[in-house]
Amino acid sequence: MKVIYTWLIRLVSSLCYFRKKKNVYYLMSYSNNLHLIKRIAATLPNDQKLVVWYNPRVLVAAYDLKAFGIETIPLHKNWWFILRQIPRLMTARVLFCDNYYSLLAGLVRPKTKMKIVQLWHADGSIKRFGWKNPRNLQKSFLQRCRHQQVYNQFDEFLLSSPQMGSIFKESFALKRAKLLPMGSPRSDRLFSNKWLTQVQKRVYLAAPELKNKRVILYAPTFRRTGQINPPLGTIAALTADPDAIVAIKLYQEVDRSQLHLDQLHQERVKIYDEFSTTDLMTVADTFVTDYSSYAFDYSLMGGQRQAIFYMYDLDDFKKVPGIQPDFQAWLPTAPITTPQELAVAICQQQSTDFTTFNQMWNTYNDGHVYQRVLDRYVLATNHKGA
Numbered sequence: 577m578k579v580i581y582t583w584l585i586r587l588v589s590s591l592c593y594f595r596k597k598k599n600v601y602y603l604m605s606y607s608n609n610l611h612l613i614k615r616i617a618a619t620l621p622n623d624q625k626l627v628v629w630y631n632p633r634v635l636v637a638a639y640d641l642k643a644f645g646i647e648t649i650p651l652h653k654n655w656w657f658i659l660r661q662i663p664r665l666m667t668a669r670v671l672f673c674d675n676y677y678s679l680l681a682g683l684v685r686p687k688t689k690m691k692i693v694q695l696w697h698a699d700g701s702i703k704r705f706g707w708k709n710p711r712n713l714q715k716s717f718l719q720r721c722r723h724q725q726v727y728n729q730f731d732e733f734l735l736s737s738p739q740m741g742s743i744f745k746e747s748f749a750l751k752r753a754k755l756l757p758m759g760s761p762r763s764d765r766l767f768s769n770k771w772l773t774q775v776q777k778r779v780y781l782a783a784p785e786l787k788n789k790r791v792i793l794y795a796p797t798f799r800r801t802g803q804i805n806p807p808l809g810t811i812a813a814l815t816a817d818p819d820a821i822v823a824i825k826l827y828q829e830v831d832r833s834q835l836h837l838d839q840l841h842q843e844r845v846k847i848y849d850e851f852s853t854t855d856l857m858t859v860a861d862t863f864v865t866d867y868s869s870y871a872f873d874y875s876l877m878g879g880q881r882q883a884i885f886y887m888y889d890l891d892d893f894k895k896v897p898g899i900q901p902d903f904q905a906w907l908p909t910a911p912i913t914t915p916q917e918l919a920v921a922i923c924q925q926q927s928t929d930f931t932t933f934n935q936m937w938n939t940y941n942d943g944h945v946y947q948r949v950l951d952r953y954v955l956a957t958n959h960k961g962a
């Protein structure tokens with residue numbers, strides 16, 4: 577089916593190859609660039625369109641954009657999408673992406689007139705991905721070819737640091753794509769005290785129990801079914817401080833039927849599905865994670881904050897999907913692997929120094945990335961047409 581899907585996109589995009597390229601489009605799997613999308617919409621001239629195709633898992637974000645007056649369309653792998661949406665997509669002069677999108681494997685386009693820009697959804701990486709993930713190397717020859725076809729479609733990558741540029745090169749086997757030291761637009765909001773205060777007020781309004789309390793946020797990365805439950809004693813360790821509240825944020829894809837909810841039935845422990853991880857990080861005094869890229873965001877939020885890297889399955893993760901080989905040299909705090917160590921770290925409440933960490937991973941993030949993106953991809957091309 578994937579082969580047929582790719583060839584159908586190839587056929588339809590070939591038929592639409594010569595359509596005039598003038599619009600700006602966005603493929604969205606994550607909700608952390610809404611501010612950028614809205615600024616693009618406000619900047620585009622009336623004769624150009626902005627359309628956002630979105631993964632249904634970010635439906636709430638799509639409704640937010642729609643309320644702002646931006647056209648949003650669910651991204652599906654079906655005949656309707658290919659026949660109705662690929663012709664529209666072929667009028668793009670700029671196509672922003674925040675993830676891997678299989679439809680790009682079949683897209684036939686004039687590269688001098690349509691630019692595909694990878695914004696990515698993280699400013700750094702502890703886990704390996706792309707060709708550095710051993711699981712991808714085990715796929716069939718055709719699957720691997722399709723993956724590389726997608727990687728080859730990206731013309732430019734916006735980098736938050738030279739380190740992330742090196743990871744992109746290795747993970748996607750890049751040869752010709754431009755790696756631009758512009759910063760990550762999703763990071764701009766993290767430099768805004770006004771934005772942080774607004775989000776905190778919204779969280780406290782909906783969850784007043786978190787106000788004036790030490791908030792310990794536990795946000796583990798995605799794990800497959802059967803691996804989502806942490807070791808026994810983890811919740812007890814998280815609640816080692818009797819004056820703290822433990823907020824748990826799980827990935828949407830986590831199968832709740834496989835979760836041992838009995839260990840969460842405590843007065844000071846709650847799963848907060850109604851908030852994003854970023855929302856909860858704004859009120860978190862202590863952020864407990866493992867291999868999640870949210871650590872690279874948390875490090876920019878300022879204040880006396882504590883980061884704990886609870887990697888209880890580190891040996892398994894080193895095998896699949898793999899860990900960056902030098903991660904222990906640059907993590908801001910040493911990883912811990914047992915509930916006992918976690919309890920000690922929780923009770924110590926020692927704030928984390930992110931200075932060196934940010935110099936390495938947030939090198940180009942300075943709170944002004946939005947404008948650089950608008951200048952390069954929206955304003956600079958308004959007069960050119962295509």
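Counting in the working numbering, the sequence shown runs from 577 upward without gaps.
All C-beta atoms in this analysis are idealised placements derived from N, C-alpha and C, irrespective of residue type, glycine included.
Per DSSP, cross-strand counterpart(s) of residue i
i    : result
P908 : DSSP output for P908 lists no bridge partner at all.
C673 : L603 and Q694
Y630 : M604 and P650
L826 : According to DSSP, which records beta bridges pairwise, L826 is partnered with nothing at all.
F756 : According to the sequence as given, residue 756 is Leu; it is not Phe. Looking at the DSSP assignment, L756 forms a beta bridge with L734.
I847 : I824
K703 : I899
Whether residue i touches residue j by CB criterion (9 Å)
i    : j    : result
V600 : A668 : yes
R633 : A681 : no
I912 : T862 : no
P784 : P757 : no
Y874 : T810 : no
Y630 : P650 : yes
L679 : K653 : yes
Y794 : V775 : no
N608 : D674 : yes
S551 : F798 : Because the chain in this structure spans residues 577 to 962, residue 551 falls outside the shown range and cannot be described.
M604 : V636 : no
S742 : S763 : no
L641 : I613 : yes
W937 : D699 : yes
L786 : V859 : yes
W696 : L734 : yes
Q842 : T815 : yes
L755 : K770 : no
M877 : L766 : yes
L718 : V845 : no
L584 : W655 : yes
Same chain only: Cβ atoms within 6 Å of residue i, ignoring 5 sequence neighbours per side
i    : result
K703 : Y867 and P897
V966 : No answer is possible for residue 966: it lies beyond the span of the chain, which begins at 577 and ends at 962.
Y827 : F798
H959 : Caution applies to H959, whose pLDDT of 43 falls short of 50 and renders its modelled position unreliable; the model cannot decide the point.
A617 : L626 and I646
Y606 : D674 and H697
V588 : I658 and I662
K789 : I821
L772 : T858
T928 : Q882, A883, P908 and T909
Same chain only: Cβ atoms within 7 Å of residue i, ignoring 5 sequence neighbours per side
i    : result
Y581 : K653
L907 : F885
F933 : S875, W906 and P908
F730 : I692, Q694 and A753
T853 : A795, K825 and Y870
Neighbourhood of residue i by C-beta distance below 8 Å, restricted to the same chain and skipping five residues each side
i    : result
Y593 : M666, V684, R685 and P686
R778 : D855
A782 : E850 and F851
Q926 : Q882
A812 : P915 and A919
V726 : Y676, Y677, S678, L680 and A681
L890 : I899, P911 and T913
K895 : P710
Y848 : A783, A823, I824, K825 and L856
Y780 : L786, K787 and V859
T619 : L950, V954 and L955
### Task
Answer yes if the stretch 914 to 927 comes into contact with the stretch 891 to 905, meaning at least three C-beta pairs across the two stretches below 8 Å, and no otherwise.
Short answer: they don't touch.
### Query
If we count Cβ pairs, one from each stretch, closer than 8 Å, do we get three or more for the stretch 942 to 952 versus the stretch 681 to 690?
Pairwise C-beta distances place the stretch 942 to 952 out of contact with the stretch 681 to 690, as fewer than three of them are shorter than 8 Å.
#### Entry: In chain order, each alpha helix (DSSP H) run of at least 4 residues that lies wholly inside the stretch 644 to 670
Every unbroken stretch of the alpha helix (DSSP H) spanning 4 or more residues and falling wholly within the stretch 644 to 670 is given here in chain order: 662 to 665.
### Query
Any chance the stretch 931 to 941 sits against the stretch 753 to 768, with 3 or more Cβ pairs inside 8 Å?
Flag = yes, the stretch 931 to 941 and the stretch 753 to 768 touch.
### Message
Quick check on the DSSP output: what are the complete beta strand (DSSP E) runs of length 3 or more inside the stretch 858 to 889, in order along the chain?
### Response
Complete beta strand (DSSP E) runs here, min 3: 862 to 865 and 882 to 885.
### Task
Enumerate, from N- to C-terminal direction, the unbroken alpha helix (DSSP H) stretches of 4 or more residues contained entirely within the stretch 755 to 809.
For the stretch 755 to 809, the continuous alpha helix (DSSP H) assignments of 4+ residues that do not extend past its boundaries occur at 769 to 782, in sequence order.
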